[in-house]
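See below for the structure under consideration.
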Amino acid sequence: MEQDRKVCQKGFIRRFCEKIFEIFITLIWVIVHYVAYTILGGIFILGIADTYDIIIGDGEIPEPTFIGVVNRESIMVRFNTSANIRHSSTDEEWWDSLESTLVILDKIAPHVSDWVRIQKAEGRLIFEREPTGTYARYDYFKDVLIVNYITMTQVDGRKASIFAHEWRHSRQNGAKWTKSIMACMILGKKKESILESEAYLYEAKLLLALFP
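Quick note, in this note's numbering, the sequence shown goes up one by one and the last residue is 1670.
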């Protein structure tokens, strides 16, 4: 009787262990297939994004025009007409202080000044008073331009280059933003070069046009 009970217990333990082992193997199989399908899906999406980026691209990107050496705008770039702006200043005061910056852009990159004015007219220009570590940023998904207070402390030529940087972001196609998001998901951090390289290059071109 005692021996039968021991045999029964051993049989139960064996079946229990076999069941646990089956569950473990099934779990491993599911994880492996999930990771494999995720990787394949990611590669497929990145392939589509790269193809779109190569074929469609960002459209026409006009080059900045050299501002000249002795004219009104070449002098204006070295002054900060927003120097009187404070955190407590109203949004309209912030906007009015940017007029000289927009006049400079009208001469060397009118597509940028037009874009900034459209953003303001359509309520998609936000003035940000709290420090964020950036001069400005463009929200692609909301089509919103956010200008930080630190931008208002820069000379007008520098402010013009900041707007040019954000304008370039606004022209980047959805494929680049998709690749940026996926890189963040895979790497756990933003891969700045996907979006920022083009924007910094365009900013540099505008600075060269302003300060040769």
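Positions of the beta carbon are idealized from the N, C-alpha and C atoms, including for glycine.
Outcome for residue i when other beta-carbon atoms lying within 10 angstroms are tallied against a minimum of 16
i: F1599; result: exposed
i: R1626; result: buried
i: V1605; result: buried
i: I1620; result: buried
i: Y1596; result: buried
i: Y1492; result: exposed
i: V1570; result: buried
i: P1688; result: With the chain covering 1459 to 1670 only, the question about residue 1688 has no answer from this structure.
i: S1638; result: buried
i: L1666; result: exposed
i: P1670; result: exposed
i: L1485; result: exposed
Rounded distance between the beta-carbons of residue j and residue i, thought under 8 Å
i: E1624; j: A1594; result: 5 Å
i: M1610; j: S1540; result: 4 Å
i: A1618; j: I1562; result: 5 Å
i: Y1660; j: A1622; result: 6 Å
i: K1578; j: W1553; result: 6 Å
C-beta atoms of residue i and residue j nearer than 8 Å
i: I1525; j: I1566; result: yes
i: N1542; j: D1614; result: no
i: S1628; j: W1573; result: yes
i: L1653; j: K1634; result: yes
i: L1668; j: V1488; result: no
i: R1616; j: L1603; result: no
i: D1516; j: Q1630; result: yes
Residue i: CB within 7 Å of a non-hydrogen atom of the ligand GTP
i: F1479; result: Inclusion of the ligand GTP in the displayed structure is not the case, the ligand content being empty and no account of it being possible.
| Is it a yes or a no for the segment 1576-1592 touching the segment 1520-1531, going by three-plus beta-carbon pairs under 8 Å? | Between the segment 1576-1592 and the segment 1520-1531 there are fewer than three C-beta pairs closer than 8 Å, too few to call the two in contact.
| message | If we require 4 or more residues per run, which alpha helix (DSSP H) segments fall completely within the segment 1598-1642? | response | Every unbroken stretch of the alpha helix (DSSP H) spanning 4 or more residues and falling wholly within the segment 1598-1642 is given here in chain order: 1614-1629.
| query | Fully enclosed by the segment 1515-1557, which beta strand (DSSP E) runs are 3 residues long or longer? | reply | Runs of the beta strand (DSSP E) inside the segment 1515-1557: none found.
| Minimum length 4: unbroken alpha helix (DSSP H) runs contained in the segment 1553-1593 | With a minimum length of 4 residues, the continuous alpha helix (DSSP H) runs that stay inside the segment 1553-1593 are 1557-1566, 1568-1579.
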